[in-house]
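Enquirer: Here the protein sequences come in this chain order: Y and D.
Residue 1 is where the first sequence starts when you use the working numbering, and the numbers rise one by one after that.
Residue 114 is where the second sequence starts when you use the working numbering, and the numbers rise one by one after that.
Built from N, CA and C at the ideal position, the CB exists for glycine as well.
There are 2 protein chains.
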Amino acid sequence: MNRDRAVTSLAALAQASRLDAFRHLVQAGPGGLAAGELAGKLGISPPALSFHLRGLAQAGLVRSRQQGRFVYYSAAYDAMQSLVDFLTENCCGGSACAPARAPARKSTTRRTA
Amino acid sequence: MNRDRAVTSLAALAQASRLDAFRHLVQAGPGGLAAGELAGKLGISPPALSFHLRGLAQAGLVRSRQQGRFVYYSAAYDAMQSLVDFLTENCCGGSACAPARAPARKSTTRRTA
DNA sequence: CAAACAATTAAACATTTATTTAACTATTGA
DNA sequence: TCAATAGTTAAATAAATGTTTAATTGTTTG
Numbered sequence: 001m002n003r004d005r006a007v008t009s010l011a012a013l014a015q016a017s018r019l020d021a022f023r024h025l026v027q028a029g030p031g032g033l034a035a036g037e038l039a040g041k042l043g044i045s046p047p048a049l050s051f052h053l054r055g056l057a058q059a060g061l062v063r064s065r066q067q068g069r070f071v072y073y074s075a076a077y078d079a080m081q082s083l084v085d086f087l088t089e090n091c092c093g094g095s096a097c098a099p100a101r102a103p104a105r106k107s108t109t110r111r112t113a
Numbered sequence: 114m115n116r117d118r119a120v121t122s123l124a125a126l127a128q129a130s131r132l133d134a135f136r137h138l139v140q141a142g143p144g145g146l147a148a149g150e151l152a153g154k155l156g157i158s159p160p161a162l163s164f165h166l167r168g169l170a171q172a173g174l175v176r177s178r179q180q181g182r183f184v185y186y187s188a189a190y191d192a193m194q195s196l197v198d199f200l201t202e203n204c205c206g207g208s209a210c211a212p213a214r215a216p217a218r219k220s221t222t223r224r225t226a
């Protein structure tokens, strides 16, 4: 993660419809949701959703796969985690401090909730 | 944390100068940095910095305290943590999944890096 | 192949956001 | 009190973003 990619990701999440969409996808799990289904849940028009999903996809926060005439979108958990790690990186100049959480790892962070 | 506050926070971070400013403050620790010092590090004009810090402060991501003729800004770690928790909330519908980290707690999250 | 459905693209418009220059407020100290 | 320093506010402009309606692409099924 670098500064510019982080800005792109944050901008993608910094809008009500897109944040709602992303959270719905995060909560839906790896299977994701079809675009139309998501538009219904969010109460926005298909063109508006398309516009917003494009932003999320360009930021790498969601992925899409086509299945028949449906397009399923799902959250990219790893991208979200990279973003979070970037924000807290080198917190307090490296000294121990309250807000620090588990340090960023290169491999998958396996930690059950 | 709620949806609208999250959008405000994300929007505050979704701009290069503001993200740089915030990260400098995160890394500076609780003491923070004087506005002018920060403007120098970021290479932006005092009015521009003022404009951006106002956005971060309104989002609750930074605090300021005046000391003589200097104004010191520091990162609000708790606000940042609330935002991160909100993004990963109820991940995968509650079932255990790779991206999940330590669950959000109401009290202070004490976990040394 | 034609009709219906799922989704994206295009174009026009309104709204927000960022940057710049100049003016202003407050604090320190000669 | 006057000049200098630190920072914010104001106003004007330039640039990016979001919303809407209509048209388009691709897929299934009668």
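Report the rounded CA-to-CA distance for Ser158(D) versus Gln180(D), giving the unit in angstroms.
Expert: Those two C-alpha atoms are separated by around 21 Å.
Enquirer: Is there contact here, the region 120 to 137 of chain D with the region 160 to 167 of chain D, by at least three beta-carbon pairs under 8 Å?
Expert: Enough Cβ pairs lie closer than 8 Å, so yes.
Enquirer: Among the candidates Lys41(Y), Leu13(Y), Asn90(Y), Ala59(Y), whose CA atom is the shortest distance from the CA of Tyr190(D)?
Expert: Selected option, being the one with the closest Cα: Asn90(Y).
Enquirer: Going by C-alpha to C-alpha distance, which of Phe70(Y), Ser82(Y), Leu61(Y), Ser9(Y) sits closest to Val26(Y)?
Expert: The residue with the shortest Cα to Cα distance from Val26(Y) is Leu61(Y).
Enquirer: For chain Y, check one thing: does any of its Cβ atoms lie closer than 8 Å to the Cβ of Lys114(D)?
Expert: Here residue 114(D) turns out to be Met, not Lys, going by the sequence shown. No, because no Cβ of chain Y sits closer than 8 Å to the Cβ of Met114(D).
Enquirer: Enumerate in chain order the residues of its own chain whose CB-to-CB distance from Leu146(D) is below 7 Å, with the five nearest sequence positions on each side excluded.
Expert: If we look at Leu146(D) and ignore the five residues flanking it on each side, its Cβ neighbours are His137, Leu138, Tyr185, Tyr186.
Enquirer: Return the chain-ordered list of same chain residues with a C-beta closer than 8 Å to the C-beta of Leu162(D), the five sequence neighbours on each side being excluded.
Expert: The answer, listed in chain order, is Ser130, Ala134, Ala148, Leu151, Ala152, Leu155.
Enquirer: Assuming Thr8(Y) and Ala59(Y) are in contact, meaning their beta carbons sit under 8 Å apart, how far apart are those beta carbons, in whole angstroms?
Expert: So it is a contact: roughly 5 Å between Cβ atoms.
Enquirer: Under 7 Å Cβ to Cβ from Arg5(Y), same chain only, skipping five residues before and after it: list those, please.
Expert: So the list is empty, once near-sequence residues are dropped.
Enquirer: Checking 8 Å against the spacing of the C-beta atoms, do Leu123(D) and Leu10(Y) come in under that value?
Expert: Cβ atoms of Leu123(D) and Leu10(Y): closer than 8 Å.
Enquirer: Once you ignore the five residues that flank Ala104(Y) on each side, which residues in its own chain have a CB closer than 6 Å to its CB?
Expert: Note that Ala104(Y) scores a pLDDT of 39, beneath 50, so its modelled location is shaky; the value from the coordinates is reported in the next line. Excluding positions up to five away in sequence, the list reads Asp85.
Enquirer: Can you confirm whether Gln140(D), when its beta carbon is compared against all beta carbons of chain Y, has any partner nearer than 8 Å?
Expert: Interface residue, yes.
Enquirer: Does any residue of chain D bring its CB to less than 8 Å from the CB of Gln15(Y)?
Expert: Gln15(Y) counts as touching chain D.
Enquirer: May I have the straight-line CA-CA distance separating Ala12(Y) from Ser95(Y), to the nearest angstrom?
Expert: Cα-Cα distance, rounded: 31 Å.
Enquirer: Would you identify the three-state DSSP class for Ser115(Y), choosing helix, strand or coil?
Expert: Residue 115(Y) falls outside the range modelled here, since chain Y spans only 1 to 113, and no answer is possible.
Enquirer: Report the neighbours of Ala11(Y) on chain D: residues whose CB is nearer than 7 Å to its CB, in chain order.
Expert: Simply Ala127.
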